[in-house]
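Below is one structure, written out as structure tokens; the observations come after it.
In the numbering used here, the protein residues as written are 7 to 202.
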């Protein structure tokens, strides 16, 4: 007797509105990957990384604003929900990441930051965009950790400074404690209501 994977785990193919709702997050995720790859391969990695981040942010904002959300688009049985509010906050997250990258323009050359700096900003923006687009506490935690891990590295990226290493360690310990409290609260909610 053969076991059918599709009968046991039914999944639908992404349709037009669902794909358009997911497109800004996909643009930023591809930007993060491309920025990391190109910034390490090229000689002028910081300039290439910054240019890729700008291109990816413009593409993500354009894909978010090109399709107005008149009704909510639900993915993965309610885990991701794309509506007008998540669209607005996703655009704000993109602008915050772009502003953070622009603030380091003179600083990165003077302090000799690594070229991966801009891809870490893009990963943090992907995590923020996923956080504002979810209704599920487990996926919220995963998105929070994606954002947090990128920010932990950004905080401690200046290797020559002992204060940067100390700040990264303190932020990591505080983030770990906060994540434990979040998971404890999610377990209480699940135990009480039966859903996340």
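Beta carbons: idealized from backbone N, C-alpha and C, even for Gly. On a predicted model such as this, the values are computed, not experimentally measured, just so you know.
Beta-ladder partner(s) of residue i, from DSSP
i: residue 140; result: 86
Boundaries of the alpha helix (DSSP H) in which residue i is found, first to last residue
i: residue 180; result: 168–199
Environment of residue i [buried if 16+ CB atoms lie within 10 Å]
i: residue 195; result: exposed
i: residue 47; result: exposed
i: residue 167; result: exposed
i: residue 112; result: exposed
i: residue 15; result: For residue 15, the pLDDT reaches just 47, beneath the cut-off of 50, and the residue's location in the model is therefore unreliable, leaving the point undetermined.
i: residue 121; result: buried
i: residue 199; result: exposed
i: residue 136; result: buried
Same chain, Cβ closer than 6 Å to residue i, five either side skipped, listed in chain order
i: residue 159; result: 126
i: residue 157; result: 130
i: residue 145; result: 85
i: residue 81; result: 24
i: residue 78; result: 87 and 89
i: residue 203; result: This structure leaves residue 203 out entirely; the chain is present only between 7 and 202.
i: residue 27; result: 79 and 88
i: residue 97; result: 67 and 70
Cβ-based neighbour list, residue i, same chain, cut-off 8 Å, excluding 5 preceding and 5 following
i: residue 154; result: 133, 181 and 185
i: residue 202; result: 142, 143, 144, 192, 195 and 196
Proximal residues to residue i (C-beta, below 7 Å), its chain only, five neighbours per side dropped
i: residue 94; result: none
i: residue 107; result: 56, 59, 124 and 127
i: residue 38; result: 125, 128, 129 and 132
Beta strand (DSSP E) segments (min. 3 residues) lying fully within the segment 43–109: 79–81 and 86–88
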